[in-house]
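Contents: one structure, followed by commentary.
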Amino acid sequence: MWDKIRLTGKEATPEGAWCRVGQAWLVPEIHSTANRVLANLSAMKVLFLNGPNLNLLGTREPEIYGRLTLADIEAEVRVRAGQLQVELDFRQSNQEGELVSWIQEAKGKYQVIVLNAAAYTHTSVALRDAISATGVPTIEIHLSNVHAREEFRHKSLIAPVCRGQICGFGVKSYILGLEAAVYVKEAAK
Ligand code: CA2
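Counted the way the working numbering counts, the sequence shown spans residues 17 to 205.
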């Protein structure tokens, strides 16, 4: 069943001049009200952030990280995002400070962050503080199962301020991260 939102105003016809936008029925002439309704219907936005050395994916250590490049992974995530009607930004940086800035700037622009902080996962108080400060729900992901690797990878400094952690599924960790983002957004309604 469609939501019916009947708007009134001097330009509306007596019959209402309905048109369907997404799941709502609008009178198109009433722009300001329509814009508010449209804002509620607009696609959710998810920010994918990738930390240091992930730009090297596909070139070395395929036995741990697989053969896909980061661009290949982004392409797979974009296919799933299209199916879920999610808008994506997908970025990588080797600089801790740049990742911190992107997390800070996410507030008000993105509903969820999906973060593969790479080695900074295990070292960065700055990333942890940024996630905590921005308040944007953040999902920690990893290609490899960090808990089955060296002991220094078992500790995540960001895990306590993230909504959850997904690791060990290769590129599927990214897809599951996106699906978890949609779940987190829906659960917040
Ligand atoms: O499994 C993951 O996704 C990691 O976040 C990857 C990080 C690692 O430090 C984390 O413990 C787990 C490493 C990313 C570096 O990736 C490379 C790819 C190719 C060649 C060298 C490094």
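For every residue, glycine included, the Cβ atom is placed at its ideal position computed from N, Cα and C.
Going by CA-CA distance only, name the one from the options that's closest to residue i.
i           : options            : result
residue 159 : 198, 104, 133, 171 : 133
residue 130 : 139, 68, 79, 62    : 62
residue 185 : 111, 102, 157, 69  : 157
residue 90  : 187, 135, 168      : 187
residue 100 : 204, 193, 205      : 193
residue 14  : 76, 202, 141       : Because residue 14 is not part of the residues shown, which for the chain are 17 to 205, the question remains open.
residue 201 : 98, 155, 80        : 155
residue 123 : 109, 138, 110, 149 : 149
residue 106 : 112, 113, 126      : 126
residue 71  : 151, 98, 104, 109  : 109
residue 180 : 87, 197, 83        : 197
residue 86  : 66, 145, 152       : 66
residue 182 : 161, 199, 168, 167 : 161
residue 98  : 170, 68, 60, 121   : 60
residue 199 : 153, 167, 164      : 153
residue 203 : 128, 168, 189      : 128
Taking the continuous alpha helix (DSSP H) assigned at residue i, which residues delimit it?
i           : result
residue 201 : 187-203
residue 108 : Counting along the chain, residue 108 falls outside any alpha helix (DSSP H), though it belongs to the beta strand (DSSP E) covering 102-108.
residue 124 : That residue, residue 124, is in no alpha helix (DSSP H); it is neither H nor E in DSSP.
residue 79  : 78-81
What is the residue span of the beta strand (DSSP E) that residue i lies within?
i           : result
residue 280 : Nothing about residue 280 can be read from this structure; the chain reaches only from 17 to 205.
Which whole-angstrom value is the C-beta distance of residue i and residue j, which I expect to be below 8 Å?
i           : j           : result
residue 191 : residue 93  : 7 Å
residue 137 : residue 173 : 7 Å
residue 104 : residue 119 : The pair is not a contact, with the Cβ atoms about 16 Å apart (cut-off 8 Å).
*Report the residue ranges of all alpha helix (DSSP H) runs contained in full by the segment 127-180; include only those spanning at least 4 residues, in chain order.*
141-150
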